[in-house]
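S.K.: Chains as they are written, first to last, in the numbering used here: chain A, 811 to 1181; chain B, 811 to 1181; chain C, 811 to 1181; chain D, 811 to 1181. Even glycine gets a Cβ: it sits at the ideal position worked out from N, Cα and C. Only a predicted model underlies this, so the values are computations on that prediction, with no experimental measurement involved.
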């Protein structure tokens, strides 16, 4: 695997590396870690990449690796959003599979372009909506699909963070609040898309309409840092999506609650090995990683016995494991693909539009078929 | 004290009785527990009320008690919403103070009428927004007022329940889902007003605009049983209010989170003796009942040492204790009064209007001054 | 009801008052609140007791009340341990029923004396092991009795507090650390007996042997403030009892875990409306107050719907309600009686003996039959 | 790195592999996965090890690898306890560093032998007391060392599991309950040593005396499956160690509480990213992974930002990272070494002796100096 971005100071690059390699099916061997040749080599060194495979550009990497017998078969795109489309296009055109960080691109138009490219290329393509890799998220999805809750009536997904409540400082903050790099969405693009994907993934339903109230709360900020959305799903179910980066004290509080005709569930990312299940008779069950009652998806996504906590890196690794399966020609039904990526961009686009001038409820639009 | 309603089969009547008497400042000695004379006597017997003081009507009670040396000085109105105005009017006209259950009345017009009556009468008047009686809610309010969070930016208040997710059965459900008795709001009137009052009470801010998405989810239901609201506060802060009675598995999950410029807080009704406080430096403090750091309001609202849980009845009793103070001529700054009652009705009215035809953001309107 | 002790500055007196009166079956009308006549009147005033019924001694109270038509039928003994025997004897000899605070007496010999008096008197007698009054403790007991866990194998009961970790100050601390008033046990007598009763009550088993490690940790302290005990139950089950008043940061952390052949349970006093139930198949169920699955004892011990927390005062009130039933001639199978009181004293005695000179395992001894 | 054991069906082998490789400093390239040549190759294949480096014995591996330029520098011993000494001896004699699973050996005599070998060899040696690798365990240790709690007075460490409550089935259970493979201790050897190391590691104190109550609860079991120990530390502090494998419903509930003169702390393995800190003034602070207040050890042991849970594999990887540092000639002060390994065996030996015939308190004995 080659990495695009993830150079010195990067947050998510090392996480991609660990996640990709955790199951020994993928190895990071090359990268275009920076457009500065020296910085790219320095970035590569942090991953124990040989200098000759730490390239100053993706183009250089694709060209050089093509000439190697052990050249890369896939890239992980871990650069800021505005680079995603270009990088993915170059890789796909070179016949290299792509695991792309979220959000898919900087704009919805770019996403539509990328969707066409992916469908045309017929190469493995994944989007790292990491949270869908947690075993108990997959268990939740399976239970909903099996009818444990009955018809879904209500979905509450929230994603509070507090790290941008003050003047944002540091590299991680800088690009996320800059429209030139992040695109038209701030918080909605950075974490809103995670919440959105989680909701659709577990509920097994697509959003068809929404209403949005986005704001740039911190003085001087251009992009939204606090988002309140109301949702309507295809079956008429109603929903709420809250995402915030100004909620002081919150770390990474992604939480999903789904309520159906005769059951409910509750999952929280900061305690990921637990899933609450509510029955209409008033019973409350705590499902835990390692439980004998878990279905195949959750079991397959676990590496340790019950009571030995797995976390974010393992969830992330589950996406890479799915991806490795795709590369081997297997199906990877749970791996977020280009459609999920596009839907995330549709969310950003719709939320920004709906919020502008208090536009009220707007249609979410259609995504292509397939995944 | 005399009670209006709360007869055989009543849920809230016995709770009013316990709460009122807990501190020995008020005693339930009479009641118009039912319009059926026999049932009223039977209802009274459950409270150990002598048959002669279990009246078939409020009018009868007021008349008879006026003639007694030990006649009642106050009534607790615990009957369904559509009786509140009439009962309160009769009591006030008889010079009797009133503790009224929520929501204040069945309609906003009634609430305005009642407001005039209360102001004219100059008698003690309280509304049992019970949750504002919890010691740690009062602590939260005091900390916000003292600036612990800085300027408030965001308020998330939610109140999920699940008990009306199926076909509603029993007396408690019956009147709450009947517009003739409940008024124009269902869930928003039954529990939305609690959430709303809690938010304004702790944040120390008034809502000025809102947007609402109310639905009657259970087939055949006329009144809303699930509510999603977006809020705007007077200082520009943004908010969300969720109330639901179809969230299977939820008991009485009232929860309030408030985020400011440099702090946040989190309180949950089902663990009422705890208050989470977040600092901008990333620190998380758990404030507990009995802590040495508590302010005067929380201390005054506590009856046991730390670690000895107080609950709903004690919170309720704190409102009655405040009320007893009012009757003695003291101030009761924390007791919800007529203004808070009217604001609850404004919420119901605005939410129903805003939700109709997806009306978008609407102005909340002005409440009178004073409390 | 008349109270013995509980005068100015008392902690537990007002709690007895609220608990006794909560269900309106008992009313506090008299008291010997202090041996100083003026203080007794002042103490009575805090409970709205008429001065003439605030007596300077129990003897005076018993004499005077016997002469009244509305004289007291019972006393609550809320004075320090060394007064219990004398007070209880005087009351019983006057034909007055007794609710006695724990521990039963100051010494085991006194307890044996009191046991004889109670059995001879044939009057209602209760001991306020408050925690057995919680609805979910009673549910736990019922489930164990019904075989939900199979044969019991292990019991872990712990009761950490931290309030005596420093130099003890104030009236509450003073008598508890003084052997002249508290008796031979400190922490073991003050809270160890609660933990012990809870364990036997829920497990439905009696302790037959124990090994103890008691210490006076805080410099200068005479009585134990930290206790570690190993237990053996009559069926061979093993157990641990930890009680501590020097565990800084702990409030009132009483917790009971019971494990059987095919199930386990966990209850924690600071979240008293929850009971965890573990099944041998790995399933985890959270039982909550108000649940439809609760048995008759838990339902009878609840006053509010699910999700409306009940707490310590309500648990305490359940003991008084049981007591009121006894007075009316009903059975009160769950109310701790003289046998439970004596067993608590046997615990203190055995623990102190076992701890002295590291005596190893010692027999717990036999208590009388009946309760 | 080469692995000893961890072949087909192994639980802990794959965990060693992931942990060792997580930071890319160590790669598993060889193994003696089974004494059956075919099974060893099959075992190796599961780790993508070339057949030629999947050996039928450790001796074969050491010999062959010595002849390779890229031969292994270290082994991870992941076989049952009774193999540890022989394997470690062979490796050390071949000049190969050793990471050994716990408990160190099958008997204390073996441990003393191994201690001599390790000291003589002067090669890196580690013992995988995994839980000491958690960031917040290291934070706890640092805070205690810095005096945050004052002098330590009490340590409560517990490790309840339930997986051996029934008839033990499967390979994992089989060897653990067989004295020929496990040694003289069952539960005390399998998990008691973890709890013991955690307690000494965080408290910074050594146990000097103990009293033990070990039992084989499940009918037919020879080795203990439930352990209750009382402890005395070198400074006079008192402690309790509970370990159990018959506590139905418990997963892997390792928990440590430490109380000092003016503070307390609480850490639970199933929520490993949280550390509770209690102050003598009654304040309660929740320290979380990623907090700005964390010290250098905790920061160094973290790979993700706050709110992104790290778990058991990452904790395990922290030991391997420390080990890699040792191999590079750095110090690894937090990595459990031979002394910690021997102390674990002393615990087993002392607990078994103390429990036999209810021997009462016994001296724990001295361990060598250094680590």
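Considering only C-alpha positions, which residue in the set A:1082, A:977 and A:1048 is nearest to residue 1030 (chain A)?
M.R.: A:977
S.K.: Along the chain, where does the beta strand (DSSP E) that runs through residue 1048 (chain C) open and close?
M.R.: 1048 to 1054
S.K.: Give the residues of chain B in contact with residue 1096 (chain D), contact being defined as C-beta atoms less than 7 Å apart.
M.R.: 1094 and 1096
S.K.: With DSSP run on the structure shown, which of helix, strand or coil describes residue 848 (chain D)?
M.R.: helix
S.K.: For residue 1058 (chain C), count neighbouring Cβ atoms within 10 angstroms of its own Cβ and tell me buried if that reaches 16, exposed if not.
M.R.: Looking at its Cβ environment, which holds 16 or more other Cβ atoms inside 10 Å, residue 1058 (chain C) is buried.
S.K.: Given residue 985 (chain A), which residues of its chain have a CB within under 7 Å of its CB, disregarding the five upstream and five downstream residues?
M.R.: 890, 991 and 992
S.K.: What residues in the segment 1102 to 1128 of chain D bring their beta carbon closer than 8 Å to a beta carbon of chain B?
M.R.: 1102, 1103 and 1116
S.K.: So the candidates are B:873, B:878 and B:868; which of them puts its Cα closest to the Cα of residue 893 (chain B)?
M.R.: Minimum Cα distance to residue 893 (chain B) is reached at B:868.
S.K.: If you draw a straight line from the C-alpha of residue 896 (chain C) to the C-alpha of residue 876 (chain B), how long is it?
M.R.: Straight-line Cα distance between these residues: approximately 49 Å.
S.K.: Looking at C-alpha atoms only, which residue of C:863, C:1173, C:1076 and C:1130 is the closest neighbour of residue 1111 (chain C)?
M.R.: C:1130
S.K.: Can you give me the C-alpha to C-alpha distance between residue 837 (chain B) and residue 827 (chain B), rounded to a whole angstrom?
M.R.: 8 Å
S.K.: The alpha helix (DSSP H) spanning residue 1182 (chain B) covers which residue range?
M.R.: Look at the range of chain B in this structure, 811 to 1181, and you will see that residue 1182 (chain B) is not part of it.
S.K.: Can a CB atom of chain C be found closer than 8 Å to the CB of residue 986 (chain B)?
M.R.: no
S.K.: Of all the residues that make up the segment 1052 to 1073 of chain C, which are near chain F by a beta-carbon distance shorter than 8 Å?
M.R.: This model lacks chain F altogether, as its protein chains are A, B, C and D.
S.K.: Can you find the residues in the same chain that come closer than 6 Å, C-beta to C-beta, to residue 1139 (chain C), ignoring five residues on each side of it along the sequence?
M.R.: none
S.K.: Answer with buried or exposed for residue 1034 (chain B), where buried requires no fewer than 16 other C-beta atoms within 10 angstroms of its C-beta.
M.R.: buried
S.K.: When the cut-off is 8 Å and only beta carbons count, does residue 1179 (chain A) lie next to chain D?
M.R.: Any reading at residue 1179 (chain A) needs caution, since the residue's pLDDT is 45, under 50, leaving its predicted position unreliable; the model's value is listed next. Taking Cβ atoms only, chain D never reaches closer than 8 Å to residue 1179 (chain A), which makes this a no.
S.K.: 8 Å is my cut-off, CB to CB: does residue 1038 (chain B) come that close to chain A?
M.R.: yes
S.K.: CA-CA distance, residue 872 (chain D) and residue 1026 (chain C)?
M.R.: 57 Å
S.K.: With 16 as the cutoff for other CB atoms within 10 Å, does residue 1123 (chain A) come out buried or exposed?
M.R.: buried
S.K.: Looking only at DSSP bridge pairs, what is residue 1084 (chain B) linked to?
M.R.: B:1098
S.K.: So residue 832 (chain C) contacts chain B; which residues on that side make the cut at Cβ distance below 7 Å?
M.R.: Residues of chain B passing the Cβ test: 828.
S.K.: If we call anything under 8 Å between Cβ atoms a contact, is residue 947 (chain A) one with residue 1068 (chain A)?
M.R.: no
S.K.: Less than 7 Å between C-beta atoms, sequence neighbours within five positions excluded: which residues of the same chain meet that for residue 1128 (chain D)?
M.R.: Annotation for residue 1128 (chain D): 943 and 1111 place their beta carbon closer than 7 Å to its own, counting only its chain and skipping 5 residues before and after.
S.K.: Expressed to the nearest angstrom, what Euclidean distance is found between the alpha-carbon atoms of residue 1024 (chain A) and residue 1040 (chain B)?
M.R.: If you draw a straight line from the Cα of residue 1024 (chain A) to the Cα of residue 1040 (chain B), it is about 11 Å long.
S.K.: Could you give the uninterrupted runs of the beta strand (DSSP E) lying entirely in the segment 879 to 906 of chain C, keeping only those of 3 residues or more?
M.R.: 884 to 888
S.K.: Within this structure, are the beta carbons of residue 1048 (chain A) and residue 1036 (chain B) separated by less than 8 Å?
M.R.: yes
S.K.: So residue 1097 (chain D) packs on residue 1013 (chain D), CB below 8 Å; how close in whole Å?
M.R.: Contact flag wrong, Cβ pair sits at about 17 Å.
S.K.: Which residues mark the beginning and the end of the beta strand (DSSP E) in which residue 935 (chain B) is found?
M.R.: 935 to 937
S.K.: With respect to the alpha helix (DSSP H) encompassing residue 971 (chain D), which residues constitute its N-terminal and C-terminal limits?
M.R.: Per DSSP, residue 971 (chain D) belongs to no alpha helix (DSSP H) and is neither H nor E.
S.K.: Counting only the same chain and skipping the five closest in sequence on each side, list residues whose C-beta sits under 6 Å from that of residue 1159 (chain D).
M.R.: 918
S.K.: Beta-carbon within less than 6 Å of residue 1171 (chain B)'s beta-carbon, same chain only, minus the 5 sequence neighbours each way: which residues are those?
M.R.: 1019 and 1021
S.K.: Using the Cβ count rule (16 or more neighbours within 10 Å means buried), how would you classify residue 823 (chain D)?
M.R.: buried
S.K.: Thinking just about the alpha-carbon of each residue, which of D:958, D:843 and D:835 is nearest to the one in residue 1089 (chain D)?
M.R.: D:958
S.K.: Counting contacts by CB-CB distance shorter than 8 Å, is residue 1153 (chain C) in contact with chain D?
M.R.: no
S.K.: Say whether chain D places a C-beta atom closer than 8 Å to the C-beta of residue 1173 (chain C).
M.R.: Not an interface residue.
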